[in-house]
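See structure below.
Number of protein chains: 2
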Amino acid sequence: MSLLQRTIKQIFPQDTEARDTAKERLDNLAIPHWALGDLMDLSLDLAGITRTITPQMKKKAIVTMAGDHGVVAENVSKYPSEVTPQMVYNFVSGGAGINALSRQAGAEIFVVDMGVAADLKELAEKGKILNKKVGLGTDNIAVGPAMSRTMATRAIESGIDIADELAQSYDVFGTGDMGIGNTTPSTAIAAVCTKQNVEALTGRGTGLDDAQLAHKVEVVKRAIEVNKPDVKDGVDILAKVGGFEIGGLAGLILGAAANRKPVVIDGFISTAAALIAYTIEPFVKDFLIFSHRSVEPGHKAMQEHLGCKKPLLDLNFRLGEGTGAAVAMNLVEGAVAILTEVATFEEAAVAVADK
Amino acid sequence: MSLLQRTIKQIFPQDTEARDTAKERLDNLAIPHWALGDLMDLSLDLAGITRTITPQMKKKAIVTMAGDHGVVAENVSKYPSEVTPQMVYNFVSGGAGINALSRQAGAEIFVVDMGVAADLKELAEKGKILNKKVGLGTDNIAVGPAMSRTMATRAIESGIDIADELAQSYDVFGTGDMGIGNTTPSTAIAAVCTKQNVEALTGRGTGLDDAQLAHKVEVVKRAIEVNKPDVKDGVDILAKVGGFEIGGLAGLILGAAANRKPVVIDGFISTAAALIAYTIEPFVKDFLIFSHRSVEPGHKAMQEHLGCKKPLLDLNFRLGEGTGAAVAMNLVEGAVAILTEVATFEEAAVAVADK
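If you're matching them up, the sequences are chains Z and A in order. Under our numbering, think of the first position of the first sequence as 41, with each following residue one higher. Under our numbering, think of the first position of the second sequence as 41, with each following residue one higher.
Take a look at the structure:
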């Protein structure tokens, strides 16, 4: 059995007993009922995911995966592909948005080369990044598949490997991405999985004008028409219209679920990866924590497809890298604090409400 | 000149030069333009407030003020007034929501007895709380003023004293409240200041049913009719339909502004205090950071009156205590990290966008 097949077999839904026990405690906290709203809902999820009402969320790992995209040849991004390796160097030197926000949240960053179109061996040899390179950027999805099915499986299994490794020492994972052009494959994935109109799902990415946006819509449509991804087959969707970092993140998400670790989903690209993971194994849904609502218009439909009505944050972020996930890590810790540190009416000797 | 008058004279708007310098740096960060959205807006505010583009937000103080309310005699709350001192004890023993969430955010809590209807001297003598008691609970606003004008000024000046003291060692303040019945005076303040209908502003507080809610609307209306607060006079509004902890928080906010410290505003009651402070000196607006949107329906109108279109968080909180402010402290730190730790395109040697 392959690593992917074995992983899928280890994914089960949330534990209802732990959820129920957590709910009983939260119902009796010395506060008006459920007065800490969304963070209490999150507490239940954390109990259900970890199978305990005293989860720990101290050790936090943000996994930021990088890859390049052949579809950049279609002029779908304002930035050239060279920016992808430049940003990897920026992550390594600690000057990127994700570095600043991870430090604030007390999270460690793991930068992974899933398929950057540049030689990053030196960084990997120095231990600055993880080398899981599947290829030097994907092929152009506007004219054919992004990658072979073998490569797609390899990308996913690389992500699973990382999850299995990190699960030994970390309590919670966050997803992050870097890849010039990667809103285009993510939009294609969104269109295939949610079955909504490409027009409604396509956004300005790093800052396209109206004409560039219209062109991007055409490119996404062409990618789907040319490749005809099988909506029921997550590996096929990834191979046809995906990206190496998207596949790696899908694997990380599957691996998180198999290891019963909550995985905080960042923005548009990470949610596309979650759609791939969900198509492969729907139970992963129970392990996803949606950090924020991106400015990208398609994000809402993708989150709703995954059962998320309202993510934790809505801060007009559109950066990726894991920045939304990093900020949300604070809320994950807050949810644990509510579950494990707030006293019940009885414990606090506080009078209960007059019914 | 009184302390209040002196404080008002020390409140100036945000520093436009520091804001402009911060904006120039943020415009050049190695990210798509303004891709960290609301946190970048917050970075500008922090620069304008502190007059520097390298602000520090390490030392965080949450000031949770407690007081009782004579209007509880009108059956406007599901909980008896005894819960106010019980919750003060809960704060001191570390088991309340605000304790858990402040620990997560790395903030210290200062609990202040502004007017609890119980003898809390022992806690004050042990240094567990600050004793600024103005009275043993306010009078019933449904039949007359909450307090005298002298008491209102004293409540406000107590808050200023605390701000002046904490400003020596803390970078940022958060507001918090505890007071059974205090959504009723806060709704009255909201109605007076925003001039909106009492019906639209009144909420269920700790959990009223429909009949109790209708009754609360009547009580708020009566409080305004009986007392006729002067809409232009913040001290008068506080004296007529306010509360001791609301006055203390208004003073804390004025004192924060005079000391050029950002003050993170919690929920419904804290925002009522901000309305009092704003009525006294409109420039305080420049120092307010709105942490979250409360479940209480009137909160939106109050925030909008203070110029806030969208607070940082929307987590369905309705607890008070400073819990929303505590969670938002993480975002304040994040905004500082973006301003001071993220590299520009030039610093990171990243190619700029193709225009």
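The beta carbon of each residue, even a glycine, is placed where N, CA and C say it ideally should be. The structure displayed is predicted, hence computed values, not measured ones.
(request) Go ahead and label A:K395 buried or exposed: buried means 16 or more other beta carbons lie within 10 angstroms of its beta carbon, across all protein chains shown. (result) At A:K395 the pLDDT is 48, less than 50, meaning the model places this residue with poor confidence and gives no usable figure here.
(request) Helix, strand or coil for A:D153, going by three-state DSSP, please let me know. (result) strand
(message) Quick check on this structure: which residue in Z:T363, Z:L352 and Z:S121 has the alpha carbon closest to the alpha carbon of Z:T215?
(response) Z:T363
(message) Quick check on A:R333 - is its C-beta less than 7 Å from some C-beta in chain Z?
(response) no
(message) Under 8 Å: do the segment 221–231 of chain A and the segment 132–151 of chain A share three or more Cβ pairs, one atom per stretch?
(response) no
(request) Identify the continuous beta strand (DSSP E) that holds Z:L44 and give its terminal residues. (result) Note, Z:L44: premise wrong, no beta strand (DSSP E); alpha helix (DSSP H) at L43 to K49.
(message) Just list the residues that DSSP pairs Z:K100 with in beta bridges.
(response) Z:A147 and Z:V212
(message) At the 7 Å Cβ level, is A:I71 part of the contact set with chain Z, yes or no?
(response) yes
(message) Taking the straight line between their C-alpha atoms, what separation do you get for Z:D273 and Z:M154?
(response) 21 Å
(message) So, with DSSP's three-state summary, where would you put Z:F357?
(response) strand
(message) Quick check on Z:A388 - is its C-beta less than 7 Å from some C-beta in chain A?
(response) yes
(request) Count the other C-beta atoms from every protein chain shown that fall within 10 angstroms of the C-beta of Z:K340, then say buried if there are 16 or more, exposed otherwise. (result) buried
(request) Examine chain A for any beta-carbon lying closer than 7 Å to the beta-carbon of Z:Q144, and answer yes or no. (result) yes
(message) Can you give me the C-alpha to C-alpha distance between A:L371 and A:S133, rounded to a whole angstrom?
(response) 27 Å
(request) Consult DSSP for Z:L352 and reduce its assignment to one of helix, strand or coil. (result) coil
(message) Please state the DSSP three-state secondary structure of Z:T178.
(response) coil
(message) Rounding to the nearest angstrom, what Cα-Cα distance links A:L379 and A:N115 in this structure?
(response) 49 Å
(request) Kindly indicate which three-state DSSP category Z:G107 falls into: helix, strand or coil? (result) strand
(request) Can you grab the Cα-Cα spacing for the pair Z:D306 / Z:A312, in whole Å? (result) 10 Å
(message) Which same chain residues end up closer than 6 Å to Z:T319 when comparing Cβ atoms and leaving out the 5 residues on each side of it in sequence?
(response) G274
(message) For the alpha helix (DSSP H) containing A:F385, name the first residue and the last one.
(response) F385 to A388
(message) Can you tell me whether A:F323 is helix, strand or coil according to DSSP?
(response) helix
(message) As an exercise, report each continuous beta strand (DSSP E) stretch of at least 3 residues that is fully enclosed by the segment 184–244 of chain Z, in chain order.
(response) 212–218
(request) May I have the straight-line CA-CA distance separating Z:A375 from Z:A58, to the nearest angstrom? (result) 15 Å
(message) Just to confirm the assignment, what range does the alpha helix (DSSP H) spanning A:I378 have?
(response) T363 to E381
(message) Please list, in chain order, the residues of the segment 103–121 of chain A that have any C-beta partner in chain Z closer than 7 Å.
(response) K118, Y119 and P120
(request) List the DSSP bridge partners of Z:V303. (result) Z:F213 and Z:L328
(message) Within the continuous alpha helix (DSSP H) that includes Z:Y129, where are the two ends?
(response) V123 to S133
(request) Taking C-beta pairs closer than 9 Å, name the residues in chain Z that A:Q126 reaches, listed in chain order. (result) A70, A388, A389, V390 and A391
(request) Would you grab the beta carbon distance between Z:L352 and Z:F330 for me? Rounded to a whole angstrom, and I think it's under 8 Å. (result) 7 Å
(request) Quick one: list the residues of chain Z neighbouring A:V382, beta-carbon separation under 8 Å, in chain order. (result) G135, A136, G137, N139 and A140
(message) I want to verify the contact list: residues of chain A whose CB lies under 8 Å from the CB of Z:V123, in sequence order.
(response) V390 and A391
(request) Identify whether A:L69 lies in helix, strand or coil by the three-state DSSP scheme. (result) strand
(request) Using beta-carbon positions only, say whether A:P72 and Z:T246 come within less than 7 Å of one another. (result) yes
(request) Decide if A:K49 is buried, meaning its Cβ has at least 16 other Cβ atoms within 10 Å, or exposed. (result) exposed
(request) Please state whether DSSP places A:L76 in a helix, a strand or coil. (result) strand
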